[in-house]
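J.: If you're matching positions, the sequence shown starts at 2 in our numbering and goes up one per residue.
Glycine included, every Cβ here is placed at the ideal spot set by N, Cα and C.
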Amino acid sequence: MAIYTGSNKHLGGTETVTRKQTVFYGLVQKNVLVTGANGQLGQELKQLAEKTNSPFRFIYTDADVLDITDAGQVQHFVSEYSIEYVINCAAYTAVDKAEADEEVAYRINCTGAENLARSGAKIIHIST
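1. Would you mind reading off the limits of the alpha helix (DSSP H) that contains Q116?
2. Does the distance from the CB of T112 to the CB of T70 come in under 7 Å?
3. Do I84 and A38 have their beta-carbon atoms positioned less than 7 Å apart in this structure?
4. Helix, strand or coil, according to DSSP, for L34 in the structure here?
5. Let's test the definition: count the other Cβ atoms within 10 Å of the Cβ of N116 and tell me whether it reaches 16, buried, or not, exposed.
6. Is the CB-CB distance between S120 and Q76 below 7 Å?
7. Less than 8 Å between the CB atoms is what I'm expecting for L34 and C90, so what's the real figure, rounded?
8. Could I get the ranges of all uninterrupted alpha helix (DSSP H) runs contained in the segment 44 to 126, with 4 residues as the minimum, in chain order?
9. So is L49 buried or exposed if we call it buried at 16+ other beta carbons inside 10 Å?
10. Using only CA atoms, which one of E51, A118, Y107, G40 lies nearest to T62?
11. Out of F59, P56, A64, S55, which has the shortest C-alpha to C-alpha gap to N110?
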């Protein structure tokens with residue numbers, strides 16, 4: 002990874018690269034799974050990622066697309082989309098409801114995180 006200014010002849014043209022842009026040579030785009038994409042953390046991450054020049058391809062999911070409590074589904078998704086990194090923003094965050102429905106909260110917050118960690122992808126777990 003290197004930061005360049007001015008004309009960039011390494012990319013086979015004369016594309017202008019600003020001082021703040023980062024240029025990656027010879028790297029294949031990496032797929033990053035973002036779970037909980039419709040939640041507060043997921044939305045913030047999506048907005049931030051859309052503003053950056055990144056070599057990563059972000060794949061945003063929510064519970065309707067990927068049930069992280071289902072280990073088989075997680076493994077299939079990670080394999081199918083060649084996921085190399087997971088940013089886990091999925092969580093059961095309604096504290097009052099979580100106390101009343103501990104089993105569901107545990108499955109999402111613990112089992113779901115474990116399934117993602119066991120998927121073979123590198124994981125970043127974010128929690129409020």
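T.: Result, derived from the coordinates:
1. Sequence check: residue 116 is Asn here, not Gln. Residues 113 to 118.
2. yes
3. no
4. strand
5. buried
6. yes
7. With 8 Å as the limit, L34 and C90 do not qualify as a contact, their Cβ atoms being about 10 Å apart.
8. 72 to 81, 96 to 101, 103 to 107, 113 to 118
9. exposed
10. G40
11. A64
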